[in-house]
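Colleague: Each residue of the sequence shown is one higher than the one before, counting from 0 in numbering that gives the first Met the number 0. Okay, handing you the structure first.
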Amino acid sequence: MIDRTQVGIIGAGPAGLTLALLLKKQGVNCIVLENQSRAYCESRVRAGLLEQNTVDLFNELGIAGRLNKEGLKHEGVIFSFNGERIRVPFEELTHGRSITIYGQQEVVKDLIAANIEKGVPILFGAEVYNIKGIETSPVAFYQQDGIEHQLSCDFVAGCDGFHGISRQTLPADCYKTYSKEYPFSWLGILAHAEPSSDELIYAYHERGFALHSLRSEKVSRLYLQVENGDTIDNWNDEKIWDELAVRLGTKGFTLNRGKIFEKGITPMRSYMIDNMQYGRLFLAGDAAHIVPPTGGKGLNLAVADTRFLAEALVDWYKNESDDQLDAYSANCLRRIWRAQDFSNFMTYLFHKQAEHGSFEYQLQKSRFDYIRLSVAQATTIAENYVGLKAI
Ligand SMILES: Cc1cc2nc3c(=O)[nH]c(=O)nc-3n(C[C@H](O)[C@H](O)[C@H](O)COP(=O)(O)OP(=O)(O)OC[C@H]3O[C@@H](n4cnc5c(N)ncnc54)[C@H](O)[C@@H]3O)c2cc1C
């Protein structure tokens with residue numbers, strides 16, 4: 000068992016696996032410790048919207064073969080307000096930038112395969128239960144097959160998601176927390192149903208929000224706003240399809256139905272800390288921030304963090320400079336705040352928060368009308384949606 004490496008990475012999600020590849024490319028050694036099995040990581044259904052920057056980075060890393068072939072490139076998005084639809088043509092408004100729909104589990108499969116091919120050790124079933132010495136010489140303590148191990152490193156990258164151990168290891172007084180729970184949740188389904196539209200449809204309806212999305216030419220991904228505390232037992236398949244048909248409905252639109260093979264309810268939350276580093280421990284991805292999924296930013300932010308972290312670590316190894324490491328949090332936070340704002344904006348634009356016809360409803364309707372009336376407003380939404388190039 001290897002017991003020393005340059006960068007110990009906790010978590011084989013999009014953040015940890017992308018970081019490992021970026022470091023390996025620059026000759027920095029790392030080991031990834033992941034508490035779940037490979038099969039579990041490769042089948043975990045989550046995000047599916049890749050910003051232009053994420054697609055560009057995966058191309059730079061040489062891992063976008065399947066993504067470019069099987070991913071569905073989208074040049075616009077449809078917004079619906081009580082059945083009235085508008086299209087935001089983001090490729091036209093952002094000088095050719097777009098998004099690509101490609102399931103997170105496919106991203107993870109590609110990243111794991113590339114890491115293994117390049118010789119990056121990924122230890123599955125290895126749960127990190129303690130991290131010590133983060134001021135100067137960190138050691139990750141982990142358990143695999145009931146046996147305890149230690150991994151000494153120059154740095155630890157905490158890419159272990161929202162419930163991981165890394166954020167808990169930061170001294171509590173070294174960061175401030177920002178958190179917001181939304182008063183609604185998302186019921187999400189995956190179904191063997193041909194997508195009913197080539198593009199995503201975000202719909203405000205007086206019965207609540209609905210989103211039409213897709214994963215392939217044969218699989219649809221759809222969501223409904225439900226109340227916090229609602230359970231999946233309250234929603235049989237027919238009720239889900241009927242509700243989606245009402246909320247997404249407009250003249251001439253037919254919702255394609257099919258066999259639902261995955262369904263679940265997820266609460267909506269914004270969360271972040273304002274410092275992602277202490278000593279030699281650096282956080283990336285969901286370990287440091289959560290956004291409501293309405294803006295499709297979670298996975299993209301995770302990947303964006305790793306670009307800064309890899310550059311900073313490589314600079315330390317090659318030039319013995321601390322400058323980029325010191326600037327890591329500040330560099331990430333600009334994009335994270337932008338994504339928090341955009342995700343919050345999209346959430347409040349489309350979710351039902353107050354009675355139909357109330358003051359809040361009229362403001363929502365006016366915001367929707369403004370997108371239709373103003374190229375400037377549509378452009379603002381488009382450039383946030385596809386992701387700002389630099390920030
Ligand atoms: C149900 C759900 C639906 C989502 N839907 C969307 C969406 O539609 N759009 C969107 O943009 N985003 C969505 N997200 C968010 C997106 O999936 C995340 O932002 C993304 O996974 C972040 O990647 P990450 O690598 O930072 O964290 P994760 O993907 O969470 O990876 C962290 C990894 O660390 C491992 N780990 C944790 N603790 C330990 C430990 N102690 N030791 C070793 N390993 C550990 C975990 O097993 C996991 O594999 C969703 C998230 C969830 C939970």
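Even glycine gets a Cβ: it sits at the ideal position worked out from N, Cα and C.
Buried or exposed: Q459, going by 16 or more other Cβ atoms within 10 Å of its Cβ?
Modeller: The structure shown does not extend to residue 459, since the chain spans only 0 to 390, so no value can be given for it.
Colleague: Measuring alpha carbon to alpha carbon, tell me which residue in E382, L312, A192 and F154 is nearest F260.
Modeller: Answer by Cα proximity: A192.
Colleague: Is any heavy atom of ligand 2 found at a distance shorter than 7 Å from the C-beta of A202?
Modeller: Ligand 2 is not among the ligands present in this structure, which contains only ligand 1.
Colleague: Between which two residues does the alpha helix (DSSP H) holding M345 run?
Modeller: Taken as a continuous stretch (DSSP letters only), the alpha helix (DSSP H) holding M345 covers Y327 to F349.
Colleague: My output table needs one value for F307: the three-state DSSP class, helix, strand or coil.
Modeller: Helix, per DSSP.
Colleague: Cutting at 7 Å between CB atoms, please list the residues of its own chain near G132, excluding the five before and the five after it.
Modeller: Same-chain partners within the cutoff: V138.
Colleague: Measure the Cβ-Cβ separation of V385 and P13 and say whether it is below 8 Å.
Modeller: No, Cβ-Cβ distance for V385 and P13 is not below 8 Å.
Colleague: Is V119 closer than 8 Å to A283 when the C-beta atoms are compared?
Modeller: For A283 and V119, no; Cβs fall outside 8 Å.
Colleague: In angstroms with no decimal places, state the Cα-to-Cα distance between A112 and T249.
Modeller: Using only the alpha carbons, I get a separation of about 43 Å.
Colleague: Suppose you measure from the CA of A329 to the CA of L308; what does that come to, to the nearest Å?
Modeller: Roughly 12 Å separates the two Cα atoms.
Colleague: Take the Cβ of Q363 as the centre, count every other Cβ of all protein chains shown within 10 Å, and call the residue buried at 16 or more, exposed below.
Modeller: It counts as buried.
Colleague: Taking 7 Å as the cut-off, is the C-beta of D232 nearer than that to any heavy atom in ligand 1?
Modeller: No, since every heavy atom of ligand 1 falls outside the 7 Å radius drawn around the Cβ of D232.
Colleague: Taking only runs that begin and end inside the region 191-267, name each unbroken alpha helix (DSSP H) of 4 or more residues, in chain order.
Modeller: For the region 191-267, whole alpha helix (DSSP H) runs of length 4 or above, ordered along the chain, are 236-247.
Colleague: Could I get the ranges of all uninterrupted beta strand (DSSP E) runs contained in the region 268-300, with 3 residues as the minimum, in chain order?
Modeller: Listed in chain order, they are 280-282.
Colleague: Taking Y101 as the reference, which of R306, L213 and D232 has the closest Cα?
Modeller: Nearest of R306, L213 and D232 to Y101, Cα basis: L213.
Colleague: Is the beta carbon of T346 less than 8 Å from the beta carbon of M267?
Modeller: Contact: yes.
Colleague: Excluding the 5 residues flanking P194 on each side, which residues of the same chain have their C-beta closer than 6 Å to its C-beta?
Modeller: L213 and S219, listed in sequence order.
Colleague: Please list the segments of the alpha helix (DSSP H) lying wholly inside the region 48-115, counting only runs of 4 or more residues, in order along the chain.
Modeller: For the region 48-115, whole alpha helix (DSSP H) runs of length 4 or above, ordered along the chain, are 51-59, 64-69 and 89-92.
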